[in-house]
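Chains as they are written, first to last, in the working numbering: chain F, 1 to 233; chain W, 234 to 466; chain A, 467 to 768; chain X, 769 to 1070.
Even for Gly, the Cβ is constructed at its ideal location relative to N, Cα and C.
Below you'll find the structure, written out as structure tokens, and then a few comments.
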Amino acid sequence: MALIEYNKPLKSKFYLLKISGKYEAKMGQFFMIKKDSQFMFLNRPMSIYDLENDGIIFLYKKIGKGTTVLADCKKGDEISIHGPYGNGFPMEVKGDFALVGGGTGIAPLFYASKQLKKYCKNNTIHVFLGLQEKNEFEASFNNYADLLQVNYGGFITDYIPYEKYNTIFSCGPELMMKKIEKQARKLNIDHYVSLEKRMACGVGACLVCTCQTKNGNKRVCKDGPVFRGKDIF
Amino acid sequence: MALIEYNKPLKSKFYLLKISGKYEAKMGQFFMIKKDSQFMFLNRPMSIYDLENDGIIFLYKKIGKGTTVLADCKKGDEISIHGPYGNGFPMEVKGDFALVGGGTGIAPLFYASKQLKKYCKNNTIHVFLGLQEKNEFEASFNNYADLLQVNYGGFITDYIPYEKYNTIFSCGPELMMKKIEKQARKLNIDHYVSLEKRMACGVGACLVCTCQTKNGNKRVCKDGPVFRGKDIF
Amino acid sequence: MSGLLDINFLEINFKNPIIMASGTFGFGREYAEIYDIEKLGGIVSKGLTLNPRRGNQGIRVWETSSGMMNSVGLENPGIQAFIENELPFMQSLNLAHIINISGTNLEDYVKACHKISRKKVDMIELNISCPNVQENNIPFGIKETTTREVVKEVRKVVKVPLMVKLSPDADDIIRIARICEEEGADAISLINTFKAFAININEKKKIFENTFAGLSGPCIKPIALRMVHEVAKQVKIPIMGIGGIVNYQDVLEFLMAGAQAVQIGTANFINPKVGEIIIKDLENYLISNDISNISEIIGIVD
Amino acid sequence: MSGLLDINFLEINFKNPIIMASGTFGFGREYAEIYDIEKLGGIVSKGLTLNPRRGNQGIRVWETSSGMMNSVGLENPGIQAFIENELPFMQSLNLAHIINISGTNLEDYVKACHKISRKKVDMIELNISCPNVQENNIPFGIKETTTREVVKEVRKVVKVPLMVKLSPDADDIIRIARICEEEGADAISLINTFKAFAININEKKKIFENTFAGLSGPCIKPIALRMVHEVAKQVKIPIMGIGGIVNYQDVLEFLMAGAQAVQIGTANFINPKVGEIIIKDLENYLISNDISNISEIIGIVD
Ligand SMILES: Cc1cc2nc3c(=O)[nH]c(=O)nc-3n(C[C@H](O)[C@H](O)[C@H](O)COP(=O)(O)OP(=O)(O)OC[C@H]3O[C@@H](n4cnc5c(N)ncnc54)[C@H](O)[C@@H]3O)c2cc1C
Ligand SMILES: Cc1cc2nc3c(=O)[nH]c(=O)nc-3n(C[C@H](O)[C@H](O)[C@H](O)COP(=O)(O)OP(=O)(O)OC[C@H]3O[C@@H](n4cnc5c(N)ncnc54)[C@H](O)[C@@H]3O)c2cc1C
Ligand SMILES: Cc1cc2nc3c(=O)[nH]c(=O)nc-3n(C[C@H](O)[C@H](O)[C@H](O)COP(=O)(O)O)c2cc1C
Ligand SMILES: Cc1cc2nc3c(=O)[nH]c(=O)nc-3n(C[C@H](O)[C@H](O)[C@H](O)COP(=O)(O)O)c2cc1C
Ligand code: FES
Ligand code: FES
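If you want it as structure tokens, here you go:
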């Protein structure tokens, strides 16, 4: 059990939720969170948006039962949180990066850009975001990204100069990641995708989050959520 | 849905809960309240402790699952409330009153003493409370009672000068009410008891709160919670 | 009338498919004090038996995760007192009324049904979940033979539409439904409560004097929906879906699964105005989805 | 060892009556990263079949009120790969391990059981809730004849203790339990998930490609407890209680109702350390209630 520090509504039904406590995690990992409510039985997987010394921040969108319960949370409310889970984005990466996020897929990319900035000092980090409308959180990406490009309503994939990058991290709609993979394969870019699947345990024990890869069934929660693009598409 | 104005912990696991809104009710009636939680499916019946212009106040004790959920509520939390339900104490009463409460049975007596003071100006109202230890709310009974006697740990029934009263309202452990009824019958006092039974609907439709009376089965929620002592014991 | 929600069930007109379930709505009087219950499609009476019953002793209700157990034990005034004191009120309401009949032996079932069937009632719902005192206390609706027997005999005396209400504890609910159909039931309603158990661990005793009690509420919905879906595919007579419905989405699930109408029980205890709310929400759903009558979605999911 | 919680179940020593249920704990590896799982009484393996299975397509999990539905479809590496890659790990743990075996026809059941039975395993749990592809896809454990058949044949090849896991959808769970006993089962575990249904009302489609899915979690506890209580009174072999257990109070209910031990499934998903917590709480309960061994309360409620 942990306490909510804040839960700010942003545009387009996005929320920034900070939960107090000391947490350690790799970029691209996720936590399972849940508030006591009759409308939320299972935990909800949420990527790390940011880690601060005194808490962890999630960026989520209100889309259904559980996220509606979360959206109603207030400072001081108790919330249960487990994790970090999942493999996360690879740390032993090299070269210049494009981080591409669409919709809620944007969430893990902020902490990823922060981490990359810290550990890959010599490489450029370009961030590409696809959103329906302008949102309050965008600007903060400028703290770590060497370039930030946001597209509203269209296809962010149309605006990426793929040839510039050695590595791409992408997270968002399947169609988006698929398009990127096509380019990545053509240009021999290392492309890592972060997948979303409905989960129960979050730790790899129940097999409800299985996805099909070139190497057989994999558990998104344990073997992923980050996979090589070429293994998925 | 209504908002919680405050929820103050008192001694002996008692709490004073104020819910905002405009309410009207007779003394001895109750409301059904519930907070969203996986640990609270049914509403909980709670007597009216006090009615103010901008809200209703309950005095409850944390004894199980549901009251633990209530105890965790904070100012600003949403709570669902239905009512008022039940018959309440009779308004067309006469003479001098003793109000006798034990444990959580004390709750309805505060609003009852307030109402009696207002509508039966010429009669004395004596209040007798049985508690395990001194509590913060006791003193407020002095606002309306002409006499307040509190007993800690023992039997409050031993301290009542029964012969002084025309009418007794009692609420508390069955043993307490039974003892009073014995005296009331002897002295020909009008004795009204407020009963507690597990409830589901609270409105008289489901028959889970039936109690046996001299006049056959009665629903505590609808035909009661207030009955004539002589019909019950 | 908007026409959006009205349905025809066994040639009876329901303003909408929302019907209040037996035992959870009394005879309608109490909720009529709380809101305009004539907005409802219909109500089912508290379960009635030939003779008055005082019901079970001890605790009658126990809360569970997303549900409740009840052990009311069919407390009711008996069919004669009902006809005299309650039926006129139900008949006076501008909505469909269904009379729920229970019994603990065949003869009582038949006599009670016979009595009520001579009155002008819209429909009889035969509750076959009651233990048969003559056969090891196993409820009639669990086994095929007792189900066949009671439906056959009751059918002979019932002149009004006859709906049989199934128990989820039935050995094979599809077989039981088919038997009801074979024996002349006009419709099927399902499900009644599940047989369930609870213990007071502090006292190391069972909660209910009667040992077992009936489980209802949202906890049972996924199973109820499965049974409705299975039975709807296997019988030709119409079905009323029951079990754990608390909002309009649940109603849509049951209708899409093949129920022509639904009954709402336990949800009334959580919010007394739930019927009114669901009807409003259903209307809005139909309007915003451009559906001209609710019957269009019945059985739409395979 | 404190001795407070240890139990003897079929001559096997369990540190405590808390066992992790099949399909919810993998083979133990994942939770072993999260806490010291050797504190547990035992673990049951993910359900294994003779041949590897890729499991079901489409959505595999759906949340319900106080529960969840799953349609994993027995994804597993097959008995041979299990023996090579996973069994050594399970055997290396200082706790009892139970191997859960499933099949879709009699031959596969027998072959799989035969294979695993030659290894040093503590116990086999026979899952008879799987649809029998040779008989209309009705699960073996629903009908008496198929239950008898599979238990009889499997018993012939199983040399280790054999526990049969019952389905709550069984026609008559007491009869089915008795048949298992008659055919030589050493113990019974119950219950598996309930067959349930869910609809996506926006898409007007069923949620699961496989149509139905299994319901588990606290929502089913009152029914599971009833079944455990009923079966415990009707068979002489020991019982493991399963269904909706989330805390030590639930465990006490099952033990008092007659189960010798319990299995915990879905609760692991809500709090991964639930096993550790429950064991601690049970210990405290026994100490503060002056009970010297947990077995003292088994079946204490009539
Ligand atoms: C590894 C991972 C990380 C994620 N990170 C974020 C994030 O940072 N921000 C964010 O807004 N969302 C994120 N999501 C998606 C988020 O988990 C879902 O939006 C959320 O679970 C929806 O819950 P709900 O009850 O509101 O939706 P409902 O549709 O009512 O949920 C019903 C069920 O489906 C599941 N579900 C529904 N949509 C999804 C989905 N897209 N992915 C997984 N399960 C789903 C729910 O968990 C629940 O069990 C992530 C998902 C995964 C798998
Ligand atoms: C008309 C009426 C008025 C009441 N007024 C007050 C009041 O003003 N202050 C107060 O502290 N308590 C009052 N009570 C008692 C109060 O309702 C219970 O203490 C409360 O429901 C316990 O809930 P729980 O979940 O904490 O207990 P648990 O024991 O965990 O509850 C389990 C179930 O039993 C029911 N239950 C348990 N104890 C009682 C009880 N004594 N009466 C009725 N149902 C019970 C619960 O509602 C719940 O459904 C009143 C009861 C009635 C019937
Ligand atoms: C308190 C209570 C009393 C009930 N009494 C009856 C009854 O008399 N006859 C009957 O056929 N069903 C009775 N039922 C069953 C309901 O009509 C309904 O079938 C069941 O509760 C499942 O629906 P729900 O989950 O919406 O409550 C009763 C249910 C409850 C909760
Ligand atoms: C995701 C999941 C997978 C399961 N897989 C199996 C299985 O392979 N074999 C089996 O016998 N039971 C399986 N079960 C059933 C559980 O072992 C258990 O009987 C059931 O979930 C009820 O217990 P619970 O309410 O504690 O979860 C599975 C349950 C779940 C939730
Ligand atoms: S959510 Fe359980 S294995 Fe992934
Ligand atoms: S609580 Fe339903 S009749 Fe009293």
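Can you give the Cα-Cα distance for residue i and residue j, rounded to whole angstroms?
| i | j | result |
| --- | --- | --- |
| E52 (chain F) | G435 (chain W) | 49 angstroms |
| L808 (chain X) | G86 (chain F) | 25 angstroms |
| V302 (chain W) | P1006 (chain X) | 38 angstroms |
| N905 (chain X) | A643 (chain A) | 20 angstroms |
| E669 (chain A) | N781 (chain X) | 29 angstroms |
| S373 (chain W) | E78 (chain F) | 33 angstroms |
| V694 (chain A) | G707 (chain A) | 6 angstroms |
| T979 (chain X) | I988 (chain X) | 20 angstroms |
| L863 (chain X) | I33 (chain F) | 30 angstroms |
| P239 (chain F) | E196 (chain F) | Missing from the structure shown is residue 239 (chain F); chain F here goes from 1 to 233 and no further. |
| I56 (chain F) | G102 (chain F) | 21 angstroms |
| M891 (chain X) | E5 (chain F) | 49 angstroms |
| E610 (chain A) | E541 (chain A) | 27 angstroms |
| D283 (chain W) | F322 (chain W) | 14 angstroms |
Give a yes or no on whether the C-beta atoms belonging to residue i and residue j are separated by under 7 angstroms.
| i | j | result |
| --- | --- | --- |
| F976 (chain X) | R692 (chain A) | no |
| L109 (chain F) | L99 (chain F) | yes |
| A1025 (chain X) | P785 (chain X) | no |
| A205 (chain F) | V829 (chain X) | no |
| E831 (chain X) | F41 (chain F) | yes |
| D36 (chain F) | Q271 (chain W) | yes |
Does residue i have its Cβ less than 7 angstroms from a Cβ in chain W?
| i | result |
| --- | --- |
| V599 (chain A) | no |
| S80 (chain F) | no |
| V538 (chain A) | yes |
| D158 (chain F) | no |
What residues from chain F crowd round residue i, counting only those whose CB sits closer than 8 angstroms?
| i | result |
| --- | --- |
| K253 (chain W) | Going by the sequence as given, residue 253 (chain W) is Ser instead of Lys. Near S253 (chain W) there are no residues of chain F at all, since even the closest Cβ is about 16 angstroms away, more than 8 angstroms. |
| G297 (chain W) | Chain F residues near G297 (chain W): none, gap ~16 angstroms exceeds 8 angstroms. |
| K244 (chain W) | Within chain F, no residue comes near K244 (chain W); the closest Cβ sits about 24 angstroms away, beyond 8 angstroms. |
| Y365 (chain W) | It should be noted that the sequence gives Gln, not Tyr, for residue 365 (chain W). By Cβ distance, chain F contributes nothing, its closest Cβ being about 29 angstroms from Q365 (chain W), past 8 angstroms. |
Note down, in chain order, every chain A residue with its Cβ under 7 angstroms from the Cβ of residue i.
| i | result |
| --- | --- |
| G437 (chain W) | G492, E496 |
| C306 (chain W) | None at all; the shortest Cβ gap to chain A is about 18 angstroms. |
List, in chain order, every chain W residue whose beta-carbon is nearer than 7 angstroms to that of residue i.
| i | result |
| --- | --- |
| P627 (chain A) | Within 7 angstroms Cβ-Cβ: nothing; P627 (chain A) doesn't reach chain W, min ~25 angstroms. |
Within 7 angstroms (strictly less), CB to CB, does residue i reach chain A?
| i | result |
| --- | --- |
| R943 (chain X) | no |
| F263 (chain W) | no |
| L440 (chain W) | yes |
Can you name the residues of chain X whose CB is closer than 8 angstroms to the CB of residue i?
| i | result |
| --- | --- |
| K222 (chain F) | E798 |
Rounded C-beta distance between residue i and residue j? I'm assuming under 8 angstroms.
| i | j | result |
| --- | --- | --- |
| I866 (chain X) | V812 (chain X) | 4 angstroms |
| L243 (chain W) | L249 (chain W) | 6 angstroms |
| Y192 (chain F) | R219 (chain F) | With 8 angstroms as the limit, Y192 (chain F) and R219 (chain F) do not qualify as a contact, their Cβ atoms being about 17 angstroms apart. |
| I896 (chain X) | S935 (chain X) | 7 angstroms |
| G802 (chain X) | P1040 (chain X) | The sequence as given places Ile at residue 802 (chain X); Gly does not occur at that position. That pair is a contact at about 5 angstroms. |
Could you tell me whether the Cβ of residue i comes closer than 7 angstroms to any Cβ of chain F?
| i | result |
| --- | --- |
| M234 (chain W) | no |
| L381 (chain W) | no |
| E843 (chain X) | yes |
| K267 (chain W) | no |
Under 7 angstroms between beta-carbons, which chain X residues line up against residue i? List them in chain order, please.
| i | result |
| --- | --- |
| R614 (chain A) | Per Cβ cutoff of 7 angstroms: no residues; R614 (chain A) is ~16 angstroms from chain X at best. |
Along chain A, which residues have their Cβ under 8 angstroms away from the Cβ of residue i?
| i | result |
| --- | --- |
| I969 (chain X) | Q715, L718, E719, M722 |
| L275 (chain W) | V527, E529, M534, F735, I736 |
| A964 (chain X) | P688, I689, L691, R692 |
Would you verify that the beta carbon of residue i is, or is not, closer than 7 angstroms to some beta carbon of chain X?
| i | result |
| --- | --- |
| N143 (chain F) | no |
Can you pull the chain W neighbours of residue i, defined as C-beta to C-beta under 8 angstroms?
| i | result |
| --- | --- |
| G683 (chain A) | F274 |
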